[in-house]
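Comments concern the structure below.
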Amino acid sequence: MSHLLDDAVASTPLGDGVHRVQVTADWHTANGTPNGGYILALLQHATLRESAHPDPLTIAVTYFRPAVPGPADIRVREVRKGRRVSTYDAVLVQDGKEIAHAVVSTHDWDAAGSVEHTPHAAPAVPRPEDCADVSALIPAGMMPILERYRYRAPTVPGWFRGEPSGSTESICWIRTSDERPVDALLAGALVDAFPPATAEIGQLASATIQLTVHYRRRPTGTVWTLGHVVARHVIAGYHDEDVELWDEDGRLIAQSRQLAILAEG
């Protein structure tokens with residue numbers, strides 16, 4: 026079965042590490058530009074097609090300018106092929122301009138180590154079916170990215186009720202609208218698919234400048250994931266945002282940190 030995200034990141038290899046892609050408007054945010062997680066997924070997908078290892082370990086993306094719907098190229102370069110970890114860089118280019126740059130490390134989870142230390146568990150919240158269906162309250166056509174995902178939360182967020190709480194922290198279940206099973210490609214998109222935590226201080230329009238994702242295990246194909254989203258500081262119109270992404274069985278899938286800029290005025 027084909028899923029929306031897979032169609033949206035599909036690439037055609039042109040040789041020498043170059044992949045042709047078609048950027049879609051289906052992941053546009055409140056800014057009217059493609060979501061940073063979608064751009065990350067484009068870059069990661071093309072890189073994994075060139076990788077010596079099967080799994081992404083980390084990806085760090087810097088966003089130079091917004092992409093626009095239409096054709097683009099991703100240029101992947103092998104930086105180092107290692108026994109356990111290999112590194113690549115990838116650049117999304119559109120109309121002769123560099124849009125975003127990624128540094129991607131890949132490895133094989135089947136050959137990973139065995140040392141474990143997990144000081145805290147997933148947040149203790151009800152299962153998705155026992156949470157508030159936030160997506161049902163979103164007006165149709167509000168913005169394209171909200172059509173791609175479904176959200177459930179222990180309570181309806183204050184900002185959504187017109188009563189921002191002032192606390193820039195949220196916990197929310199998320200899945201794709203077409204119930205795509207979670208893998209590393211989707212996990213990378215999901216960490217940037219939550220409404221920004223700054224919505225609770227009245228700031229919803231946020232554009233990612235830099236986003237780093239650390240993958241913590243190979244996902245096992247569950248449909249829902251639980252995001253713990255925290256913005257710790259908002260300074261001079263820039264804000265950080267940390268996400269922990271957990272699967273339905275309470276296992277940590279990915280962690281991310283980003284720096285973003287708020288649309289003011």
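26 is the number of the first residue of the sequence shown in the working numbering; add one for each residue after it.
Glycine included, C-beta positions come from ideal geometry on N, C-alpha and C.
Since residue i and residue j are thought to touch, with beta carbons under 8 angstroms apart, how far apart are those beta carbons, to the nearest angstrom?
i           : j           : result
residue 42  : residue 101 : 4 angstroms
residue 72  : residue 129 : 5 angstroms
residue 237 : residue 85  : 4 angstroms
residue 201 : residue 259 : Actually they do not touch by this definition, with Cβ atoms about 29 angstroms apart.
residue 159 : residue 178 : 5 angstroms
residue 212 : residue 270 : 6 angstroms
Taking residue i as the reference, give the member of the options with the closest Cα.
i           : options            : result
residue 27  : 37, 206, 76        : 206
residue 184 : 163, 234, 36       : 163
residue 210 : 278, 221, 169, 283 : 278
residue 141 : 200, 242, 232      : 242
residue 218 : 231, 276, 225      : 231
residue 114 : 80, 156, 76        : 76
residue 172 : 109, 161, 289      : 161
residue 273 : 110, 134, 289, 150 : 150
residue 156 : 282, 82, 180       : 180
residue 249 : 152, 127, 83       : 152
residue 63  : 29, 110, 37, 228   : 29
residue 186 : 69, 175, 174, 227  : 227
residue 240 : 176, 131, 174      : 131
residue 96  : 37, 174, 261, 203  : 37
residue 135 : 143, 109, 74       : 109
residue 66  : 51, 31, 165, 261   : 31
residue 198 : 175, 182, 204, 225 : 175
Can you tell me which residues form a DSSP beta bridge with residue i?
i           : result
residue 263 : 260, 286
residue 156 : Bridge partners of residue 156: none, in fact.
residue 250 : 199, 272
residue 84  : 129, 238
residue 27  : Beta-bridge pairing links residue 27 to no other residue.
residue 231 : 287
residue 96  : 47
residue 277 : 271
residue 178 : 157
residue 192 : The partner list for residue 192 (beta bridge, DSSP) is empty, contrary to what the question assumes.
residue 243 : The partner list for residue 243 (beta bridge, DSSP) is empty, contrary to what the question assumes.
Going along the chain, which residues of its own chain have a beta-carbon closer than 7 angstroms to the beta-carbon of residue i, five neighbours each way excluded?
i           : result
residue 49  : 33, 94
residue 133 : 78, 79, 80
residue 233 : 61, 88, 217, 283, 285
residue 276 : 242
residue 56  : 230, 232, 288
residue 90  : 122, 124
residue 138 : none
For residue i, which residues of its own chain have a beta-carbon under 8 angstroms away from its beta-carbon, when the five flanking residues on both sides are left out?
i           : result
residue 98  : 39, 43, 44, 45, 46, 117, 118, 119
residue 53  : 59, 60, 168, 169, 170
residue 247 : 206, 207, 272, 273, 274
residue 92  : 48, 58, 59, 64, 117, 119, 124, 125
Excluding five sequence neighbours on each side, which residues of the same chain lie with their C-beta closer than 6 angstroms to the C-beta of residue i?
i           : result
residue 208 : 244
residue 268 : 216, 252, 254, 281
residue 188 : none
residue 126 : 87, 116
residue 221 : 231
residue 83  : 130, 239
residue 111 : 77, 78, 131
Could you name each continuous beta strand (DSSP E) segment of 3 residues or more that falls completely within the region 194-220, going from the start of the chain to the end?
Counting whole runs of 3 or more residues, the region 194-220 contains the beta strand (DSSP E) stretches 194-201.
Can you give, in chain order, each stretch of the beta strand (DSSP E) that sits fully within the region 115-141 and has at least 3 residues?
122-132
Within the region 39-77, note down every full alpha helix (DSSP H) run reaching 4 residues or more, in order along the chain.
61-75
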